Amino acid sequence: MFETILYQVENNVAWVTMNRPDKLNAFTEQMNKEIIKALKSAGKDTEVRAVVLTGKGRAFCAGEDLAGVNEDTDHAEFLRKRYNPMIRELASLEKPVIAAVNGVAAGAGMSLALASDFRLASEKAAFVEAFIHIGLVPDSGTLYYLPRLVGHAKAMELAVFGEKVPAEKAKELGLVNDVYSEEEFQAGVKAYAERLAHMPTKAIGLIKRYLYKSWDHDLADMLEYEAYAQRTAGKSDDHREGMKAFFDKRQPSYSGK
Ligand code: T3D
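The numbering of the sequence shown is the numbering used here, which starts it at 4 and goes up by one.
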């Protein structure tokens with residue numbers, strides 16, 4: 004079904020593994036398309052309640068495969084056709100997405116991680132806003148996500164100097180949620196993803212949707228959105244189960260419905 008990625012569903016988690024290890028999982032047009040297809044498929048599949056994006060081999064993703072860029076490249080069209088749809092798909096997927104950053108994440112590879120809802124890093128991971136080193140500007144959502152994650156001043160510094168940020172430093176900056184030793188990384192990501200996959204999926208989807216809205220709406224709008232979201236969540240099976248479990252004094256068992 005896929006040639007540049009691996010796709011596997013296990014214990015309600017869809018694992019999307021970028022699979023061009025000899026090219027540090029650099030993006031090709033086909034890979035952009037396959038990631039979009041995988042995200043759509045995870046969105047439609049009711050069995051899937053969390054998604055993990057990761058890379059095969061020593062890198063997470065080195066951004067665009069520069070072998071495909073030349074003087075005739077229309078960079079705007081490149082982004083509109085290939086990268087922007089991928090980032091939009093990720094942002095609109097109402098299920099939690101974890102970037103499991105196993106190694107270096109550079110250029111649009113870093114953008115993919117920034118657009119994910121959670122970032123877990125191996126101690127071997129590093130983040131590089133590589134664009135400036137080839138005279139380009141950060142793209143694929145980085146100019147949107149980066150200042151929101153680390154603040155304007157730090158975003159400016161990272162984007163302009165493009166220095167490699169090791170995993171522990173990324174944690175200090177608020178770029179990643181957790182860092183694991185190399186040995187514990189796989190098991191740590193699996194446990195994190197499966198925990199998310201057994202939580203109230205609809206409520207998580209609503210949290211994601213309305214946190215995005217909060218970035219360009221005022222308090223009055225957000226209070227109204229919260230009322231709408233709460234009505235929707237309040238009608239879910241998982242709300243019923245959570246209430247019942249509370250009064251039964253037991254752990255809830257959520258179905259994601
Ligand atoms: O129109 C548009 O272009 C818009 C779209 C833009 C999206 C973008 O992502 S632009 C940014 C593209 N990415 C980069 O500029 C990153 C370039 N790579 C690097 O900076 C470094 O390779 C890394 C920081 C990612 C890793 O460094 P390191 O020291 O671990 O590995 P290395 O030795 O530099 O690379 C290993 C090999 O992978 C090497 O090939 P070789 O010498 O073994 O044959 C290197 O050329 C290759 N490689 C790394 N990144 C890319 C790549 N080949 C093609 N494309 C890459 N992006």
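A virtual CB, placed ideally from N, CA and C, is assigned to each residue, including glycine.
Here the structure is a predicted model, which means the values were calculated and not measured.
Spatial neighbours of ALA111 in its own chain (CB-CB distance under 7 Å, excluding positions within 5 residues in sequence) are listed in chain order as PHE30, GLY66, GLU67, TYR86, ASP142 and SER143. Counting of Cβ neighbours within 10 angstroms places MET159 among the exposed residues, the total staying below 16.
Taking C-beta atoms as the reference points, ARG23 and LYS47 fail to come closer than 9 Å. With fewer than three CB-CB distances shorter than 8 Å, the region 198-205 does not count as touching the region 173-183. Across the structure, ASP25 and GLY71 are spaced so that their CA atoms are roughly 16 Å apart. Using a Cβ-Cβ distance cut-off of 8 Å, the region 131-140 and the region 102-116 are in contact, since at least three pairs of beta carbons, one from each stretch, lie closer than that value. Proximity of the beta carbon of TYR195 to the ligand T3D is not indicated: no heavy atom of the ligand is located closer than 8 Å.
No residue range can be given for GLN254, since it is assigned to no alpha helix (DSSP H) and is classified by DSSP as neither H nor E.
As for any alpha helix (DSSP H) of minimum length 4 sitting wholly inside the region 106-176, the runs are 111-118, 145-153, 155-164 and 170-176, ordered along the chain.
The three-state secondary structure of MET21, taken from DSSP, is strand.
Taking C-beta atoms as the reference points, ALA103 and VAL182 fail to come closer than 9 Å.
When C-beta atoms of the region 41-57 are compared with those of the region 91-99, three or more pairs fall below 8 Å, so the two segments count as touching.
No Cβ-Cβ contact shorter than 9 Å links CYS64 with LEU117. As DSSP reads the structure, GLN189 sits in no beta bridge. Residue pairing from DSSP leaves ASP241 without any beta-bridge partner.
Of TRP218, GLU186 and THR49, the smallest CA-CA separation from LYS260 is found for THR49. Note on geometry: alpha-carbon atoms of ILE39 and ILE8 lie some 11 Å from one another. Proximity of the region 215-222 to the region 237-257 falls short of the contact definition, fewer than three beta-carbon pairs being nearer than 8 Å.
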